[in-house]
Ligand SMILES: Nc1ncnc2c1ncn2[C@@H]1O[C@H](COP(=O)(O)OP(=O)(O)OP(=O)(O)O)[C@@H](O)[C@H]1O
Ligand SMILES: Nc1ncnc2c1ncn2[C@@H]1O[C@H](COP(=O)(O)OP(=O)(O)OP(=O)(O)O)[C@@H](O)[C@H]1O
Ligand SMILES: [Mg+2]
Ligand SMILES: [Mg+2]
């Protein structure tokens with residue numbers, strides 16, 4: 003055997019190598035994405051911009067989003083208030099800037115929590131199958147059978163207006179969707195040859211789920227997450243529009259639209275700017291989802 | 009239904025001169041309302057929508073005067089089903105003489121005459137049903153029908169608000185068949201009122217026709233009355249603009265502004281809202297047990313600017329709502345006792361040991377619509393200016409009304425009070441240590457005595473002085489709930505709507521006088 | 098003709114200068130390994146390429162009409178009427194939502210105007226012509242209601258609908274079982290002689306070429322390397338690639354003790370084509386010139402061309418091909434013939450195992466029947482021995498493999514490994530046992546997790562069984578890679594960076610990681626190109642020699658099984674019908690099914706006139722197998738007794754067992 | 003197939019049961035209840051409160067209430083509104099047609115818009131038209147339908163001085179008015195759905211166009227139109243139908259907001275109104291009906307699979 007010249011440093015070095023490999027693969031993927039998915043790239047940049055705006059909101063927004071300028075109620079866009087002011091004299095631009103925080107917060111929190119729970123449920127359901135699967139699936143079906151916004155309405159209206167309640171409602175909606183994908187993928191992966199190969203060398207369930215299941219279902223999950231992000235942002239806005247979402251004085255875009263609907267004619271800027279911000283962000287996530295789908299589709303990539 | 013949709017030229021009639029002041033009969037009056045009742049049963053529901061509809065169909069024993077010369081806030085009790093009434097010397101026996109009136113011609117009542125027994129059964133029903141309305145008759149010891157046309161109420165003790173209570177919107181008189189269960193009161197209404205309920209399509213519209221046997225000769229003038237449910241404010245305004253609706257409820261100054269631009273003939277009625285926003289504080293929680301803190305809160309609020317910018321006009325309110333006219337403190341006094349003085353507020357806070365203010369939460373519900381939420385935001389900003397950092401907590405209505413507020417589970421809150429129509433209600437239910445709506449932990453023995461005393465004084469002027477004194481005392485020594493403002497409701501009407509003289513009590517009792525000039 | 102594809106990564110030239118001609122009534126075959134451009138050529142003729150592909154230059158002349166320059170409308174009129182196509186996979190080539198009748202009639206409708214009734218009659222007639230029983234009723238069936246062979250008949254019927262002059266058949270039999278393949282080849286030949294249609298046959302199977310073709314075009318990496326009549330080609334291939342191709346295929350007569358000849362390396366990717374002669378990196382005769390200059394097509398006899406510098410009449414290079422080897426190094430390795438000598442230890446003993454998959458149906462998922470995938474199979478494998486398991490698709494071969502390793506639980510029966518009964522073992526012991534039996538899978542693409550590096554893939558069994566971790570694992574994986582002929586440097590690569598043959602080596606390395614005694618190879622070489630297949634077969638043999646491994650070698654390819662196995666078990670419908678050593682089986686098979694199977698294998702020798710036993714019908718469904726002898730429905734020698742009495746597997750002569758009433762005592 | 007449908011129905015019932023239980027329990031677990039809501043300010047006595055509880059049937063344990071409710075529901079009795087005392091079935095039958103009509107109209111609209119555009123996009127794939135249609139359809143997916151509704155309403159009112167006639171009228175009463183009332187919200191809903199139909203049709207047709215049997219059809223000499231509409235589209239329909247089935251959930255959800263903007267007395271606004279008044283039986287029934295609608299649509303979708311795809315029909 004030839005492992006005589008094995009030195010003790012090797013593991014460290016090796017881990018390093020492996021990281022590098024993954025990193026280069028990741029870098030390659032990024033390059034390929036940039037090359038092939040121009041629209042996706044623009045979407046990412048836009049989302050990135052919004053994230054930046056959200057993080058740097060205090061530096062970007064000229065005013066405190068809840069600060070009431072009692073001299074300027076419903077002021078039309080002007081030099082001081084570039085997007086005008088609302089019915090309490092608050093600066094619309096600042097509110098939109100801060101509002102990005104809420105949309106992103108609700109989006110991220112919902113998507114991440116529901117992915118985690120969805121993965122747990124979906125894995126159990128998909129890997130073990132049988133009666134466990136049967137029971138879980140029926141519960142998921144029951145949740146899915148209630149139209150999403152109706153369920154959100156029901157839960158949010160019961161719990162009262164608060165960001166965390168919106169998130170709870172949306173998480174309940176999204177869980178079955180992720181669970182279903184994960185379950186489907188797990189069932190598909192469970193039948194693949196490489197899992198059979200892994201089982202034939204004696205790997206146990208945990209190993210199969212973690213080493214084979216998860217990494218191979220990331221693609222559809224990422225795509226789904228991106229699209230769910232858009233859906234979630236719209237759902238939050240819809241709930242806030244109905245007055246059961248994010249409570250005032252938080253500058254949620256949906257809430258801004260809800261308050262603005264009565265000023266459609268007298269102060270259209272109150273309707274146009276938040277609506278535009280909302281649509282653009284959702285558009286970016288949807289386009290990103292599409293681009294990711296194209297990018298990750300093995301049929302399309304060589 | 010009438011076909012007047014989409015005809016825009018109609019909203020700008022070329023001659024709007026009052027051609028005739030002689031009322032014309034006929035026509036359909038269409039009104040757009042944001043919501044309709046859950047139930048039509050007027051004793052089980054305190055919602056304004058139920059009582060508006062009840063007002064078309066039912067009558068009370070006595071009611072309030074309306075008309076061109078009567079102020080919106082004048083509470084003049086006038087005959088309704090009772091032609092006249094006598095009060096005994098000691099003020100404990102009230103005898104009502106019923107007029108000749110007939111029930112609507114619908115099954116199972118079929119237009120029979122109103123008898124004293126109807127009144128007695130109705131009153132028993134009011135007392136026996138759970139709910140706020142029972143309290144209105146709590147001082148009644150016994151009732152008796154002397155004959156078909158005479159009803160006698162005997163009170164436990166002299167009780168000044170009694171007649172006013174009898175004019176209260178809960179006191180709609182039903183036929184005894186309804187009380188016996190022969191009529192489904194939740195979906196149907198058979199009364200003596202000016203209009204007959206033809207059809208109620210839940211959440212779509214209610215249609216009423218003229219009652220030909222109404223006891224006031226020649227009234228009502230309208231042939232038909234349609235109440236359309238249009239939840240969206242914008243849609244209501246649009247409906248008005250396009251002539252699909254003859255009247256819509258109150259709209260904001262901005263909305264009015266744009267509306268009068270496109271429909272310059274629009275008549276705008278401005279009336280005082282029948283209730284007020286008030287800030288209430290939980291006196292069992294620190295630091296709100298401190299009078300100075302409560303006073304500071306009161307002084308921090310810029311009431312007049314608030315009501316002007318959010319509601320487009322209104323006035324500083326008092327412990328008794330100004331819509332109760334003579335019972336409320338005069339405006340100057342209200343303003344003087346509740347000055348806007350942020351510096352003073354800061355000083356008071358410092359005195360109370362909070363030179364740098366404190367953090368708290370301000371509870372509000374969105375169940376009353378978004379204007380109140382705006383008020384809450386305004387007040388929060390005002391409080392912030394004096395150092396009180398109040399985070400707004402928006403609570404869902406059912407939780408608010410059945411858990412948070414009654415259980416006094418909050419720091420500060422802002423809300424509307426029910427539309428009380430008696431100073432006794434405004435004061436006693438809220439501020440007596442045993443008041444049914446004392447959800448603020450107020451317990452002031454001195455105040456309790458005054459509140460008990462006031463309701464025994466039969467002489468109106470004397471009683472008013474006492475009510476004023478109580479209000480002054482409250483504004484000086486209790487400062488809870490803190491009255492904020494009462495706003496002017498501006499509601500547009502089409503130019504051809506005549507004789508629209510509403511009253512601040514519930515029930516649209518003026519509709520019998522309305523006529524259309526077109 | 099040149100055909101290019103516009104792809105995301107640039108333009109790919111799939112076909113580069115392919116020329117050939119077909120005369121009336123002639124069959125021209127185009128052969129080559131996967132990806133060499135056969136299908137693209139075929140599709141280019143009728144301009145049926147996907148929108149990304151187009152014929153960039155060259156001409157396709159059909160009766161003097163240039164198809165490449167025709168308007169779309171004109172070529173549409175030729176499609177189906179003058180030139181028809183048959184595609185490889187009958188499963189996916191018919192529209193699943195229309196009846197077969199509808200699809201046949203559609204063709205006729207496009208080109209001829211007839212009445213409704215005439216259409217129907219024509220369709221029925223066509224179905225009869227292609228030998229579909231009960232045509233009148235079958236015409237209303239949907240494709241999914243037919244078996245693979247029947248569908249291929251329907252495809253042929255569609256192609257014949259308008260009596261075309263030329264049929265382009267792209268791998269018409271590849272997806273079919275050998276016995277069905279034999280049927281379809283017979284049919285095509287028969288129809289051709291009847292109708293005089295010319296056939297352009299695309300295939301990778303030299304056996305099929307020898308049987309069917311008059312002339313052959315050999316393609317490599319998008320270029321024709323040789324063209325010749327079939328007799329000449331098989332007699333003496335001129336191009337080194339053709340030669341190597343022929344030698345690397347195991348045939349029934351191939352000597353089992355010798356290594357197969359292989360072509361080194363892999364078929365190049367179209368994106369990185371070698372300079373000069375495209376075959377030079379794999380060619381044993383490659384010279385400097387081959388590297389830099391592309392050879393022209395040399396005429397080397399009547400109607401015969403070859404694209405190799407060796408054949409340049411101007412060069413003085415000795416053009417005799419050493420008939421001996423392409424890869425010389427290991428020429429002198431000989432494998433032992435595994436006698437069934439007594440001293441061999443019994444390793445695996447399978448007794449009467451059964452696997453019935455329940456078929457559930459109805460509201461409550463009641464079990465209404467069973468797929469008798471494996472229905473009482475017994476066999477044994479001795480230390481160091483290779484047992485081949487052959488049979489047609491769906492007969493239960495893979496299921497046997499899975500049962501043996503315990504990947505699925507058996508319904509009944511026993512599996513003993515090294516003397517221990519597997520079902521009696523607890524989990525711990527089972528895990529220990531499992532590492533001594535390893536699996537090599539058919540599809541080298543799907544059996545490797547695309548998101549793991551080679552290190553992790555091969556390292557997985559090491560970790561699972563606690564053999565090695567961290568640095569040890571790294572080292573050991575490196576060794577394993579070298580054992581299977583890969584480089585240590587590949588350790589951090591991902592599967593997609595390897596070719597099919599290399600992936601299969603990785604799969605084998607993974608199987609070897611736990612130092613097993615028995616490898617179960619389920620179609621381990623079926624998905625590989627012939628040149629690579631030979632490499633893997635050699636590797637397996639080498640490993641056996643070195644490590645004393647035993648193999649259960651599952652395959653439907655009789656040639657391969659014959660080459661690699663010491664003994665062969667023939668399976669039919671979940672049962673073993675005959676077991677004997679491989680030589681005996683091919684010389685004196687006893688069971689009628691074995692005989693038919695062997696005779697159905699196309700022989701890559703155009704001069705041979707094999708006596709073929711064409712079986713009727715198709716393999717019955719394992720959920721509803723025939724009574725008695727399961728084979729009696731197709732057996733040419735079926736007797737009355739076969740219908741109700743099931744024959745038992747009996748030893749006919751030493752080491753030769755068979756289950757057939759022909760050899761029973763009664 | 004029949005057996006399959008029966009099984010689906012049984013699943014459906016199980017799913018509805020779980021759903022009802024979920025709603026039932028959640029609603030009663032959160033703060034606020036009808037009785038206190040009705041009596042909070044009245045100073046009502048304990049007995050009066052208990053009496054009202056008993057009258058409304060709220061004095062029993064939750065499982066018992068659930069049991070009663072289910073027993074009633076099976077017999078078609080969904081209980082009474084806790085506020086109006088009106089039978090819930092009546093309330094629902096008043097409201098259901100509105101939502102149903104809205105949903106059906108928008109599905110039809112969405113199909114009429116979505117499928118042709120999707121096919122065009124697929125056939126012209128990777129051309130300018132395709133890119134344009136794709137981006138537009140993603141755009142359609144990204145615009146919140148309530149925003150669209152608001153803008154449509156305002157623009158029409160300002161520019162044409164036209165608003166949908168007030169006071170909902172059913173199709174049977176007055177089809178013209180009904181159409182005027184329904185068309186705008188239906189368009190708002192349809193835009194989102196048609197956007198996803200475009201995407202799905204496009205990718206499904208593209209995929210089918212790459213399949214082998216399309217090559218067979220082409221090799222027969224079939225016209226491109228036949229290839230696309232007879233073969234490619236028909237084979238893509240399964241995925242498009244599946245999508246519609248799944249998207250119906252979003253569609254039904256969207257009805258809530260649009261019903262409120264367009265003043266339509268549908269089921270969505272009913273839930274909105276009754277959740278906050280804690281009118282349990284009405285909310286339960288309304289959510290149940292929504293769930294049942296969703297399941298029904300998906301059952302129809304399953305049946306349609308059989309119609310579209312004989313492989314499913316025969317299994
Ligand atoms: N649509 C396409 N786009 C890009 N490249 C393609 C396309 N179709 C085929 N090719 C490439 O063209 C080459 C020739 O393919 P072709 O299908 O003709 O091979 P083949 O000889 O028929 O192989 P097989 O035996 O596997 O069928 C392959 O390398 C393939 O990758
Ligand atoms: N999990 C399963 N459930 C039900 N039936 C199965 C299952 N696995 C295999 N079968 C059936 O069992 C029979 C034998 O399958 P198996 O895969 O063993 O055949 P095979 O001989 O390996 O065929 P091939 O040559 O196509 O690989 C087939 O009819 C198959 O449909
Ligand atoms: Mg091919
Ligand atoms: Mg197999």
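Residue numbers (my numbering), protein chains in the order written: chain B, 3 to 304; chain Z, 9 to 526; chain G, 98 to 763; chain V, 3 to 317.
Cβ coordinates follow ideal geometry from the N, Cα and C atoms, glycine included.
Computed from a predicted model, the values in this text were never measured in an experiment.
Of all residues in the segment 396-423 of chain Z, the ones placed with a Cβ closer than 7 Å to any Cβ belonging to chain B are 400, 402, 403, 404, 407, in chain order.
Boundaries of the alpha helix (DSSP H) harbouring residue 120 (chain B): 94-130, taken from the DSSP string. At a cut-off of 8 Å between C-beta atoms, residue 535 (chain G) counts as an interface residue with respect to chain B. Under the DSSP assignment, residue 491 (chain Z) falls in the beta strand (DSSP E) whose first and last residues are 490-501.
Against chain G, a Cβ distance below 7 Å from residue 221 (chain V) picks out 143, 145, 176, 177, 181, 182. Residues 49, 186 of the same chain have their beta carbon placed closer than 6 Å to that of residue 193 (chain Z), with the five preceding and five following residues left out of the count. Using a CB distance cut-off of 8 Å, residue 215 (chain V) counts as an interface residue toward chain G.
According to the DSSP assignment, residue 250 (chain Z) belongs to no beta strand (DSSP E), since it is labelled neither H nor E. Within chain Z, the residues 402, 403, 404, 407 have their CB atoms less than 8 Å from the CB of residue 162 (chain B), given in chain order. Only 263, 264, 265, 266, 267, 268, 269 from the segment 263-274 of chain B bring a Cβ to less than 8 Å from some Cβ of chain Z. In the DSSP assignment, residue 227 (chain Z) falls outside any beta strand (DSSP E), carrying neither H nor E. Here residue 217 (chain V) is buried. Its C-beta has 16 or more other C-beta atoms within 10 Å.
Per the coordinates, the alpha-carbon of residue 11 (chain V) lies some 8 Å from the alpha-carbon of residue 301 (chain V). Neighbours of residue 252 (chain Z) across chain V, judged by C-beta separation under 9 Å: 165, 167, 168, 169.
Ordered by chain, the residues meeting the criterion of a beta-carbon within less than 6 Å of a non-hydrogen atom of ligand 2 are G:454, G:468, G:470, G:488, G:490, G:491, G:492, G:493, G:494, G:495, G:496, G:653, G:719.
In this structure residue 415 (chain Z) is not in contact with residue 308 (chain Z), their Cβ atoms being roughly 27 Å apart against a cut-off of 8 Å. A residue is called buried once 16 or more other Cβ atoms fall within 10 Å of its Cβ, and residue 344 (chain Z), having fewer, is exposed. Within chain V, the residues whose beta carbon sits less than 8 Å from that of residue 255 (chain G) are 218, 222, listed in sequence order.
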